[in-house]
Amino acid sequence: MNRFPYPLQLQYFAEEKTEPATPRRRQEAREKGQVARSQEIPAALGLLAGMLSLLFFGSGFLTLFKQLFPLVLSNYADQPMNVETLGNLSMQMLGMIIQPLLPFLAVVMGVGILSNALQVGPLLTLEPIRPKWERINPIQGLKRIFSLRAFVDLVKSLVKVAAVGGVAYLILWNERDHLLTLSQYSINSIENYVYEIIFKLGVMIAIVLVILSFFDYFFQRYEYNKSLRMSKQEIKDEWKKIEGDPLIKSKIRERQRQMAMRRMMQEVPKADVVITNPTHFAVALRYEAGKMKAPVVIAKGQDYLALRIKEIARAHNIPLMENKPLAQTLYRRVEIGESIPEDLFKAVAEVLAYVYQLKRRSRRINLS
Numbered sequence: 023m024n025r026f027p028y029p030l031q032l033q034y035f036a037e038e039k040t041e042p043a044t045p046r047r048r049q050e051a052r053e054k055g056q057v058a059r060s061q062e063i064p065a066a067l068g069l070l071a072g073m074l075s076l077l078f079f080g081s082g083f084l085t086l087f088k089q090l091f092p093l094v095l096s097n098y099a100d101q102p103m104n105v106e107t108l109g110n111l112s113m114q115m116l117g118m119i120i121q122p123l124l125p126f127l128a129v130v131m132g133v134g135i136l137s138n139a140l141q142v143g144p145l146l147t148l149e150p151i152r153p154k155w156e157r158i159n160p161i162q163g164l165k166r167i168f169s170l171r172a173f174v175d176l177v178k179s180l181v182k183v184a185a186v187g188g189v190a191y192l193i194l195w196n197e198r199d200h201l202l203t204l205s206q207y208s209i210n211s212i213e214n215y216v217y218e219i220i221f222k223l224g225v226m227i228a229i230v231l232v233i234l235s236f237f238d239y240f241f242q243r244y245e246y247n248k249s250l251r252m253s254k255q256e257i258k259d260e261w262k263k264i265e266g267d268p269l270i271k272s273k274i275r276e277r278q279r280q281m282a283m284r285r286m287m288q289e290v291p292k293a294d295v296v297i298t299n300p301t302h303f304a305v306a307l308r309y310e311a312g313k314m315k316a317p318v319v320i321a322k323g324q325d326y327l328a329l330r331i332k333e334i335a336r337a338h339n340i341p342l343m344e345n346k347p348l349a350q351t352l353y354r355r356v357e358i359g360e361s362i363p364e365d366l367f368k369a370v371a372e373v374l375a376y377v378y379q380l381k382r383r384s385r386r387i388n389l390s
């Protein structure tokens, strides 16, 4: 008897995503513009760079502000405030501001661009700006407003406001005695003092925001890695997809060939002899009496590979023996790592005997 009047839909019980994302998953996310990035870092570093740039361009700003107020008072104080007057004043002020402001803006923009590039690397994609229904869907919008991420953003904003307010309060509190006696100083002294206070406030606030922004970056990176996590079934499905992709298969085979080629070339210096065609084929043989039943082919190649095998053999003083029929037969019949067949024992034994004879003769010459 069936206990459940309705069938269970097991597909709704999603497998928990506990596995870190694969390189393919990360690459797909990157192509969509999904990267671990903190928007706070460019803003904070830009503010800090802008404040520090005042050390170099600050005198120009002070001179500018000293010129602006007399300009307004002397040229426009007795004129009626209409559209034409405001337009002339705005254009004149803009012309005075733009030149000293350009280096400041260049520094801020440059630091912002550089900090973004250091976070995500070279990335060019139009995916984030493409229109999507989810962005204008009111239901999805409400979900985003009342989501955990929105709550975290609210907490971060409150922490920033508290930190900035605390820094400003401490600086102004330490300067309270000077602030209360400002009326006793000259106009120039007041201007310089206000400039110093603004500079100190800006730098300290920027430093606090930079510190908070790095915490935000690590949080964003954690959230990013968490969002890309995969279930074990997703990883299995991805591997099945990769194995079925002809392009991926060809790349894997090519890499395997390259690795096998490197291993083979590393074995050539261990050879006792290299039998050549002499130009088209080269087969490297190794034999250890008492350990091997028969000589073993440890490397072989045709054309360019044959040339490389011979070059390595010469570099390690390994004898090269020209024997066209034997070289061709060994190349076609024996794979790397295999022993030679019995019908080639005699031919190979003659070659090895001659090689050993040359080695003994060379030793006698060296001893004498």
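The opening residue of the sequence shown carries number 23 in the numbering used here; numbering runs sequentially from there.
Positions of the beta carbon are idealized from the N, C-alpha and C atoms, including for glycine.
Bear in mind that the values here come from a model prediction, so they are computed numbers and not experimental data.
| field | Cβ shell of residue 66 (< 6 Å), same chain only, five flanking positions each side left out | value | Within the same chain, 231, 232 and 235 come within 6 Å of residue 66 by CB-CB distance, once the 5 residues on both sides are set aside.
| task | Specify the secondary structure class of residue 128 as computed by DSSP and reduced to three states. | result | Here residue 128 sits in helix by DSSP.
| In chain order, what residues of the same chain have a beta carbon less than 7 Å from the beta carbon of residue 355, not counting five sequence neighbours either side? | Excluding residues within five positions, the ones whose Cβ falls inside 7 Å are 363.
| message | Does residue 308 come out as helix, strand or coil in the three-state DSSP assignment? | response | Assigned with DSSP and collapsed to three states, residue 308 falls in strand.
| task | Please report how far the alpha carbon of residue 303 lies from the alpha carbon of residue 315, in whole angstroms. | result | Straight-line Cα distance between these residues: approximately 25 Å.
| said: Beta-carbon within less than 6 Å of residue 59's beta-carbon, same chain only, minus the 5 sequence neighbours each way: which residues are those? | reply: Closer than 6 Å at Cβ, skipping near neighbours: 141 and 142.
| query | Contact between the stretch 290-301 and the stretch 358-378: three or more CB pairs below 8 Å? | reply | Verdict: yes, contact present.
| task | Name the residue from 187, 134, 317 and 43 whose alpha carbon lies nearest to the alpha carbon of residue 63. | result | Cα-wise, what sits closest to residue 63 is 134.
| message | In this structure, how does DSSP classify residue 314 when only helix, strand and coil are distinguished? | response | When DSSP states are grouped into helix, strand and coil, residue 314 belongs to the coil group.
| Buried or exposed: which applies to residue 343, given that a residue is buried once 16 or more other Cβ atoms fall within 10 Å of its Cβ? | Label assigned to residue 343: buried.
| When DSSP labels each residue in this structure, what does residue 345 get in the three-state scheme? | Three-state result, residue 345: coil.
| request: Give a yes or no on whether the C-beta atoms belonging to residue 282 and residue 306 are separated by under 9 Å. | output: Contact: no.
| field | Per DSSP, the bridge partner or partners of residue 321 | value | Looking at the DSSP assignment, residue 321 forms a beta bridge with 306.
| Contacts around residue 367, its chain only, beta-carbon distance under 8 Å, and the 5 residues preceding and following it disregarded | If we look at residue 367 and ignore the five residues flanking it on each side, its Cβ neighbours are 316.
| said: Looking at the strands, I want to know which residues DSSP matches up with residue 297. | reply: Bridge partners of residue 297: 305 and 343.
| said: Taking the straight line between their C-alpha atoms, what separation do you get for residue 23 and residue 255? | reply: For residue 23, the pLDDT reaches just 45, beneath the cut-off of 50, and the residue's location in the model is therefore unreliable, although a value from the coordinates is still provided. Distance between the alpha carbons of residue 23 and residue 255: 33 Å.
| query | Do the stretch 245-263 and the stretch 203-218 touch if we need at least three Cβ pairs shorter than 8 Å? | reply | By the C-beta criterion, the stretch 245-263 is judged not to be in contact with the stretch 203-218, since fewer than 3 inter-stretch pairs fall below 8 Å.
| query | Is DSSP giving residue 253 helix, strand or coil here? | reply | In the structure shown, residue 253 falls within a coil segment according to DSSP collapsed to helix, strand and coil.
| request: In angstroms with no decimal places, state the Cα-to-Cα distance between residue 77 and residue 200. | output: Cα to Cα, residue 77 sits roughly 23 Å from residue 200.
| message | Just to confirm before moving on: does the CB-CB distance between residue 129 and residue 184 stay below 9 Å? | response | No Cβ-Cβ contact shorter than 9 Å links residue 129 with residue 184.
| query | For the alpha helix (DSSP H) that contains residue 187, what are its first and last residues? | reply | Element bounds for residue 187: 170-196.
| said: Restricting to Cα atoms, I'd like to know which of 220, 170 and 214 is closest to residue 193. | reply: Residue 220 is the option with its Cα nearest to residue 193.
| field | Span of the alpha helix (DSSP H), counted from its first residue to its last, around residue 327 | value | Per DSSP, residue 327 belongs to the alpha helix (DSSP H) from 326-337.
| said: One question on the structure: do residue 229 and residue 190 come within less than 9 Å of each other, judged by their Cβ atoms? | reply: Not closer than 9 Å, so no.
| Considering only the beta carbon of each residue, do residue 145 and residue 68 sit closer than 9 Å? | Not a contact, by the Cβ cut-off of 9 Å.
| Buried or exposed (CB count within 10 angstroms, at least 16 for buried), residue 341 | Residue 341 should be labelled buried.
| task | Measure the C-alpha to C-alpha separation of residue 181 and residue 73 and round it to an integer number of angstroms. | result | A direct Cα-Cα distance of roughly 22 Å separates residue 181 from residue 73.
| task | In the DSSP assignment, find the unbroken alpha helix (DSSP H) run with residue 280 in it and report its ends. | result | Boundaries of the alpha helix (DSSP H) around residue 280: 268-289.
| task | Determine which residues share a DSSP beta bridge with residue 41 and list them. | result | Beta bridge pairing from DSSP links residue 41 with 252.
| query | Run through DSSP, which three-state label would residue 208 get? | reply | DSSP places residue 208 outside both helix and strand once states are collapsed to three, so it counts as coil.
| If we ignore side chains and look at the alpha-carbon of each, how far apart do residue 352 and residue 240 end up? | Those two C-alpha atoms are separated by around 60 Å.
| request: Could you check if residue 105 is buried or exposed, using at least 16 other CB atoms within 10 Å of its CB as the buried criterion? | output: With fewer than 16 Cβ atoms within 10 Å of its Cβ, residue 105 is classed as exposed.
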